[in-house]
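Worksheet: the structure to be examined is printed underneath.
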Amino acid sequence: MHEIAPRRSGGRAARQALRLASHAEHIPFLTRKLAPFEVLGEEGLSLIEHNADTILQEVGLEFRGDPEALQMFREAGATVTGERVRFPRGMCRSIVQASAPRQFTQDARNPERNVEIGGMHTVFAPNYGSPFVRDLDNGRRYGTIEDFRNLVKLTYVSPHLHHSGGTVCEPVDVPVNKRHLDMVYAHMKYSDKPFMGSVTAPQRARDTVEMARLLFGTAYLEDHTVILSLINANSPLVWDSIMLGAARAYAEANQATLLTPFILAGAMAPVTAAGVCAQTLAEALGGMTFVQLVRPGAPVVMGSFASSMSMQSGAPTFGTPEPALVLYVMASLARRLGVPFRSGGSLCGSKIADAQAAYESAATLQPTVLAGVNFVLHAAGWLEGGLSVGYEKFIMDADQCGMMAIFANGVDLSENGQALDAILTNEPGTHYLGTAHTLANFESAFYRSEIADNNSYEQWQEDGSLDAAQRANAIWKKQLAEYEGPPLDVALDEALLDFIARTKASMPDSEV
7 MHEIAPRRSG GRAARQALRL ASHAEHIPFL TRKLAPFEVL GEEGLSLIEH
57 NADTILQEVG LEFRGDPEAL QMFREAGATV TGERVRFPRG MCRSIVQASA
107 PRQFTQDARN PERNVEIGGM HTVFAPNYGS PFVRDLDNGR RYGTIEDFRN
157 LVKLTYVSPH LHHSGGTVCE PVDVPVNKRH LDMVYAHMKY SDKPFMGSVT
207 APQRARDTVE MARLLFGTAY LEDHTVILSL INANSPLVWD SIMLGAARAY
257 AEANQATLLT PFILAGAMAP VTAAGVCAQT LAEALGGMTF VQLVRPGAPV
307 VMGSFASSMS MQSGAPTFGT PEPALVLYVM ASLARRLGVP FRSGGSLCGS
357 KIADAQAAYE SAATLQPTVL AGVNFVLHAA GWLEGGLSVG YEKFIMDADQ
407 CGMMAIFANG VDLSENGQAL DAILTNEPGT HYLGTAHTLA NFESAFYRSE
457 IADNNSYEQW QEDGSLDAAQ RANAIWKKQL AEYEGPPLDV ALDEALLDFI
507 ARTKASMPDS EV
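As structure tokens, this is what we get:
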């Protein structure tokens, strides 16, 4: 496994080096020891499941532009009228539960980076989909392929992010119909963590699969999951041909899909939490049923991305209590259904890495961990309601993910954790600073933030009076300067580059 370059000895830099090295050697995902927090009991959850089945039976879902999907649903027992599909009560649930795995492994090209998705595991992945990037030096600007590669590298060196993610930003300097090739290659080249595939067109999903076959071997993909992809419903109650085509491409290759309704409550669903949950469950069930009909047993993750909205401006809002309630309920519904769950992240509406960004992100990330979310997209870097990804915000969020890893590990009740001998042998009124127990544990006793400054006011002044974003700015620059990529077999690299060159040469540049 790649070692992070050592920092200079002494002071803050030495402590950061020790902390990063120790984290990098640990398991590459969280195994939570805390029971998931529940906000509804059996009666409430059953009611929402009943309401979702009522939506599926009486209103149905539209599956647009995919006659083959309509025929599959018809043959499975649904009623199809035009592009509207109505499902008998319980049909979707029974199909999903019959074949979708409760948990699966996503393999990385470095087996030490494999992640478990489902069960008591949580996987943190970075920001996804932002057209803009921001940093303190250059402000807000359109993302480039260089920014994309930088963010992949920062994700790779972070001990707190377990997954390379997907479209960490949109590289607008590359033609739309070709940029997926450069993005997937960046994940394969500059990181050895698991990654996500392209979904902006069915052929781009198939290109991702072909690149994965080059990297892992064709036969390997038949019984190993190496790609995860984000498939969004076009809420309310619509699945479009692009998303269906991409989902089909991955399912046929036995690769995993995140079936996620993207809901702005009040615009794309009712304003109430219970209404959002019923609609989300109905839409997700429809999508997961489609995948299981394409290939029974193909891994699926039930997703929920729900935000509230400003009734004054119409803009999405984050860190508010209503989406947190939706998150808790949807996590419970996924466990009852028996599939992994995706939601949460470090979400905010702030334009910069300021106090609003911090408290809104914390108000999203804590419910994410407490609810037991299995796959966390947007765990680092999200700004401006997802329109921007920030370099400084990325570093600050990753630090918070490290804190969540400690929190999710729960209370240590080992002999060392109980510390009873230390208490029994320490005289009343005597401090613990020099005891054997403190000396044995002081390096790992408490999480040490890379970002927070806990020095005296005078020391803070001497160090330049920097705020958190300024400190994060120095950290990401140093990490990129010291970046050393994971080794990639030369023959595999050449095969990937050849595929990319041939695929790009086969079509003219296009902005769609």
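Under our numbering, residue 518 is the last one in the sequence shown; the count climbs by one each step, no gaps.
Glycine included, every Cβ here is placed at the ideal spot set by N, Cα and C.
All figures in this text were calculated on a predicted structure; none of them were measured in a lab.
Would you decide whether residue i is buried or exposed? Buried here means 16 or more other CB atoms lie within 10 Å of its CB.
{"i": "residue 365", "result": "exposed"}
{"i": "residue 198", "result": "buried"}
{"i": "residue 128", "result": "buried"}
{"i": "residue 259", "result": "buried"}
{"i": "residue 134", "result": "buried"}
{"i": "residue 277", "result": "exposed"}
{"i": "residue 439", "result": "exposed"}
{"i": "residue 31", "result": "With a pLDDT of 39 at residue 31, under the threshold of 50, the modelled position of that residue is not reliable, and no figure is offered here."}
{"i": "residue 431", "result": "exposed"}
{"i": "residue 16", "result": "Low per-residue confidence applies at residue 16: pLDDT is 36, beneath 50, and the placement is therefore not dependable enough to give any value."}
{"i": "residue 405", "result": "buried"}
{"i": "residue 318", "result": "exposed"}
{"i": "residue 324", "result": "buried"}
Along the alpha helix (DSSP H) that carries residue i, what are the first and last residues, could you check?
{"i": "residue 110", "result": "That residue, residue 110, is in no alpha helix (DSSP H); its beta strand (DSSP E) goes 109-112."}
{"i": "residue 59", "result": "48-60"}
{"i": "residue 215", "result": "208-222"}
{"i": "residue 327", "result": "327-343"}
{"i": "residue 449", "result": "From DSSP, residue 449 is part of no alpha helix (DSSP H); its letter is neither H nor E."}
{"i": "residue 157", "result": "151-163"}
Does the distance from the CB of residue i to the CB of residue j come in under 8 Å?
{"i": "residue 105", "j": "residue 298", "result": "yes"}
{"i": "residue 102", "j": "residue 336", "result": "no"}
{"i": "residue 205", "j": "residue 252", "result": "yes"}
{"i": "residue 386", "j": "residue 352", "result": "yes"}
{"i": "residue 375", "j": "residue 347", "result": "no"}
{"i": "residue 3", "j": "residue 389", "result": "What is shown of the chain runs 7 to 518, which leaves residue 3 out entirely."}
{"i": "residue 333", "j": "residue 349", "result": "yes"}
{"i": "residue 175", "j": "residue 395", "result": "yes"}
{"i": "residue 167", "j": "residue 130", "result": "yes"}
{"i": "residue 246", "j": "residue 71", "result": "yes"}
{"i": "residue 510", "j": "residue 187", "result": "yes"}
{"i": "residue 201", "j": "residue 268", "result": "no"}
{"i": "residue 391", "j": "residue 322", "result": "yes"}
{"i": "residue 367", "j": "residue 354", "result": "yes"}
Within its chain, find whatever has a CB closer than 8 Å to the CB of residue i; leave out the 5 residues flanking it on each side and keep chain order.
{"i": "residue 261", "result": "203, 215, 218, 227, 231, 232, 233, 234, 235, 304 and 305"}
{"i": "residue 212", "result": "255"}
{"i": "residue 143", "result": "479"}
{"i": "residue 469", "result": "459 and 461"}
Alpha carbon to alpha carbon, what distance is there between residue j and residue i?
{"i": "residue 91", "j": "residue 413", "result": "44 Å"}
{"i": "residue 344", "j": "residue 179", "result": "42 Å"}
{"i": "residue 266", "j": "residue 291", "result": "10 Å"}
{"i": "residue 315", "j": "residue 272", "result": "7 Å"}
{"i": "residue 184", "j": "residue 137", "result": "16 Å"}
{"i": "residue 433", "j": "residue 279", "result": "54 Å"}
{"i": "residue 46", "j": "residue 53", "result": "10 Å"}
{"i": "residue 169", "j": "residue 35", "result": "9 Å"}
{"i": "residue 281", "j": "residue 112", "result": "33 Å"}
{"i": "residue 512", "j": "residue 505", "result": "11 Å"}
{"i": "residue 410", "j": "residue 372", "result": "8 Å"}
{"i": "residue 51", "j": "residue 122", "result": "26 Å"}
{"i": "residue 27", "j": "residue 488", "result": "In this prediction, residue 27 has a pLDDT of 39, which is less than 50 and means its spatial position is unreliable; what the coordinates show is noted afterwards. For residue 27 and residue 488, the distance between alpha carbons rounds to 14 Å."}
{"i": "residue 398", "j": "residue 132", "result": "13 Å"}
{"i": "residue 370", "j": "residue 149", "result": "25 Å"}
{"i": "residue 66", "j": "residue 93", "result": "7 Å"}
{"i": "residue 458", "j": "residue 78", "result": "55 Å"}
{"i": "residue 250", "j": "residue 120", "result": "27 Å"}
{"i": "residue 95", "j": "residue 274", "result": "23 Å"}
{"i": "residue 401", "j": "residue 74", "result": "45 Å"}
{"i": "residue 420", "j": "residue 426", "result": "10 Å"}
{"i": "residue 463", "j": "residue 196", "result": "40 Å"}
{"i": "residue 193", "j": "residue 503", "result": "13 Å"}
{"i": "residue 241", "j": "residue 483", "result": "39 Å"}
{"i": "residue 85", "j": "residue 377", "result": "35 Å"}
Whose C-beta lies closer than 6 Å to the C-beta of residue i among residues of the same chain, with five residues either side of it excluded?
{"i": "residue 8", "result": "Caution applies to residue 8, whose pLDDT of 35 falls short of 50 and renders its modelled position unreliable; the value that the coordinates give is listed next. If we look at residue 8 and ignore the five residues flanking it on each side, its Cβ neighbours are 492."}
{"i": "residue 288", "result": "58, 61 and 62"}
{"i": "residue 29", "result": "Legend: pLDDT at residue 29 = 35, less than 50; position of this residue unreliable, value from coordinates given subsequently. Same-chain partners within the cutoff: 165."}
{"i": "residue 161", "result": "132, 167 and 170"}
{"i": "residue 124", "result": "108, 109, 346 and 380"}
Looking at the secondary structure, which residues open and close the beta strand (DSSP E) in which residue i lies?
{"i": "residue 311", "result": "311-315"}
{"i": "residue 87", "result": "85-87"}
{"i": "residue 127", "result": "127-130"}
{"i": "residue 173", "result": "Looking at the DSSP string, residue 173 is not in any beta strand (DSSP E), and its letter there is neither H nor E."}
Leaving out the 5 sequence neighbours to the left and right, which residues in its chain are closer than 7 Å to residue i when beta-carbon positions are compared?
{"i": "residue 415", "result": "39"}
{"i": "residue 531", "result": "An answer regarding residue 531 cannot be provided, because it is not within the stretch 7 to 518 covered by the chain."}
{"i": "residue 80", "result": "86"}
{"i": "residue 302", "result": "105"}
Can you find a CB in chain B that lies within less than 8 Å of the CB of residue i?
{"i": "residue 62", "result": "No chain B appears in the structure shown, which is made up of a single protein chain."}
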